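Asker: Shown below is the structure under consideration.
Shown next, in the form of structure tokens:
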């Protein structure tokens, strides 16, 4: 669990740094090529400033919510799988006496381990990929867009009132994103208004696919493949068929993971609209 969160924090830092580099290193363009002007906050529009620490408090609360979704399955994995491994020799002996087949007994003993492992891993990954990751990514992308909007406001030479307005507006939108309902596969909510913002969100989407989505699909695919192979062996005693069934399922998962990465690398956001990304 700690490694998972450390990797998530490291990747977030990398992606946020990439956002800053995209802004700083964006090449100069002529007026005809630059597209829409940077978003600059209007200081005359009313807003309500959030209390200090609102973002930190909301972020910390979210970590507890995410743990409530994922931690029970992690505990299942940590507890149930070692217990199943310890019991598997006895399962093998009993299965061999019942079936008279060493191969089937091996499959039954293996399945007694792969079944709880697959159940726990499925719970971890399904909740992370479908609930936690897209919601957290939405909040990150909103924060990046608001940060770039603030930078544009400052670079435009806007008065202090406009800069303060940009800060208050950005903080409010970030907290709103952090408080968004926890639902399966929520739509992307950050709306880029400049080419730099769109390019940065594209980079975050690709980074998420490469660092999190594809690897997590492979993790659950591996436990599913192992369970499929064990169940096949337990039923048929056919070691070659069991191996083939497991490999076939993992290959399907590998194809799916590659498709996720390919989709994010080929689809691109357009400023001021999300219509280009299905």
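In this note's numbering, the protein residues as written are -12 to 265.
Glycine residues also receive a C-beta, built at the ideal position from the N, C-alpha and C atoms.
Predicted model only: the values in this text are computed from it and were never measured.
(1) Measure the alpha-carbon distance for residue 207 versus residue 144 and round it to whole angstroms.
(2) Roughly how many angstroms separate the alpha carbons of residue 180 and residue 122, rounded to a whole number?
(3) Can the beta-carbon of residue 242 be found closer than 8 Å to that of residue 204?
(4) Quick check on the DSSP output: the alpha helix (DSSP H) that includes residue 174 runs from which residue to which?
(5) Run through DSSP, which three-state label would residue 154 get?
(6) Using a threshold of 8 Å, state whether the C-beta atoms of residue 220 and residue 119 are closer than that.
(7) Excluding the 5 residues preceding and the 5 following residue 184 in the sequence, name in chain order all residues of the same chain whose CB lies nearer than 6 Å to its CB.
(8) State whether the stretch 36 to 52 contacts the stretch 150 to 163, with contact taken as three or more CB pairs (one from each stretch) at a distance under 8 Å.
(9) Cα-Cα, which of 256, 228, 146 is closest to residue 188?
(10) For residue 217, which residues from the same chain have a beta carbon less than 6 Å from its beta carbon, with the 5 sequence-adjacent residues on both sides left out?
(11) With 16 as the cutoff for other CB atoms within 10 Å, does residue 91 come out buried or exposed?
(12) Where do the ends of the alpha helix (DSSP H) carrying residue 68 lie?
(13) Using a Cβ-Cβ cutoff of less than 7 Å, which residues in the same chain neighbour residue 141 once the five nearest sequence positions on both sides are dropped?
(14) Nearest to residue 182 by CA position, among 176, 199, 190, is which residue?
Answerer: Taking the coordinates as given:
(1) In the chain shown, the residue the question calls residue 207 occupies position 220. In the chain shown, the residue the question calls residue 144 occupies position 157. CA-to-CA, the gap between residue 207 and residue 144 works out to about 51 Å.
(2) Indexing the chain shown from 1 puts residue 180 at position 193. Indexing the chain shown from 1 puts residue 122 at position 135. Roughly 21 Å separates the two Cα atoms.
(3) As a first step, residue 242 is located in the chain shown; it is residue number 255 there, counting from the start. As a first step, residue 204 is located in the chain shown; it is residue number 217 there, counting from the start. No, Cβ-Cβ distance for residue 242 and residue 204 is not below 8 Å.
(4) Translated into the one-based positions of the chain shown, residue 174 becomes position 187. Careful: residue 174 lies outside any alpha helix (DSSP H) and carries neither H nor E.
(5) Translated into positions along the chain shown, residue 154 becomes position 167. Correct three-state label for residue 154: helix.
(6) Locating residue 220 in the chain shown gives position 233, where the first residue counts as 1. Locating residue 119 in the chain shown gives position 132, where the first residue counts as 1. No. Outside cutoff.
(7) Position 197 of the chain shown, counted from the first residue, corresponds to residue 184. Leaving aside the five residues that flank residue 184 on each side, the residues in its chain whose CB is nearer than 6 Å to its CB run, in chain order, 132, 135.
(8) Yes, they touch.
(9) Looking up residue 188 in the chain shown gives position 201. Out of 256, 228, 146, 256 has the C-alpha closest to the C-alpha of residue 188.
(10) For the purposes of this step, residue 217 is taken as the residue at position 230 of the chain shown. If we look at residue 217 and ignore the five residues flanking it on each side, its Cβ neighbours are 94, 97, 98, 101.
(11) Residue numbering aside, residue 91 sits at position 104 when the chain shown is read from its first letter. Buried, because 16 or more other Cβ atoms sit within 10 Å of the Cβ of residue 91.
(12) One-based indexing of the chain shown puts residue 68 at position 81. Counting along the chain, the alpha helix (DSSP H) containing residue 68 begins and ends at 41 to 86.
(13) For the purposes of this step, residue 141 is taken as residue 154 along the chain shown, with counting starting at 1. Around residue 141, the same chain offers 150 as residues with beta carbons nearer than 7 Å, after the five sequence neighbours per side are excluded.
(14) What you label residue 182 is simply residue 195 of the chain shown in a count that begins at 1. Considering only alpha carbons, the answer is 190.
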